[in-house]
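These notes are about the structure you will find just below.
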Amino acid sequence: MLKLCTRQLAAVILLLQVLLVVPARAQFGPGTQWTKDGNGYMAAENGEIVQLDARDKARRTVLVSKAQLTPQGQTVPIEVRRFAFSDDGRKVLLHTNTKKVWRYDTRGDYWVADLKANTMKQLGKGRPESSLMFAKF
236 MLKLCTRQLA AVILLLQVLL VVPARAQFGP GTQWTKDGNG YMAAENGEIV
286 QLDARDKARR TVLVSKAQLT PQGQTVPIEV RRFAFSDDGR KVLLHTNTKK
336 VWRYDTRGDY WVADLKANTM KQLGKGRPES SLMFAKF
């Protein structure tokens, strides 16, 4: 009897793993971008890019404001899916308007925001919408 229960339990656990764990890995999110000191992380939320302190939830610093993420002539900030700061921290590469290629949203539009000059420039502006992939600094 105990042997039968163990097999049934193993079957239930396997079924739960297949149903819950495997689909969760099908689409990777933008991931956590840790700060250089390892004490915090950066995230795109509410139209801004913010730095959050891992030790204190109340400490939140806006790194790129809504105004800095709003292209000239528009009234709303772009919706940032992924971002990467340049080594000197002056510029940020923004991935937005993403579309799926197979299972992953790798195609999209790219912008570079110059935080010191307070400007934004769209890369590949003459190209079709959501057609660029894998831009890097």
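With our numbering as the guide, the letters of the sequence shown map in order to residues 236 to 372.
Every residue gets a Cβ at the ideal spot worked out from N, C-alpha and C, and that includes glycine.
For Gln357, same chain residues with a beta-carbon under 6 Å away, outside a window of 5 residues either side, are Trp346 in chain order.
Sequence-distant partners of Arg290 (beyond 5 residues in either direction) whose C-beta falls short of 7 Å from its own C-beta, in its chain, are Asn274. Ala279 sits in a strand when the DSSP states are folded into three classes. Assignment of beta-bridge partners to Trp269 by DSSP yields Tyr276. In the DSSP secondary-structure assignment, Lys356 is bridged to Val347.
DSSP places Leu304 in no beta strand (DSSP E); its state is neither H nor E.
Under the three-state reduction of DSSP output, Thr331 falls in the strand class. In the DSSP secondary-structure assignment, Ala319 is bridged to Leu328. The C-alpha of Ile248 is placed about 39 Å away from the C-alpha of Glu314.
In summary, Gly343 is buried, with 16 or more beta-carbon neighbours lying within 10 Å of its beta-carbon over all protein chains present. When DSSP states are grouped into helix, strand and coil, Val311 belongs to the coil group. By the 16-neighbour rule on beta-carbons within 10 angstroms, Thr296 is exposed.
When secondary structure is reduced to three states using DSSP, Arg242 falls in the helix class.
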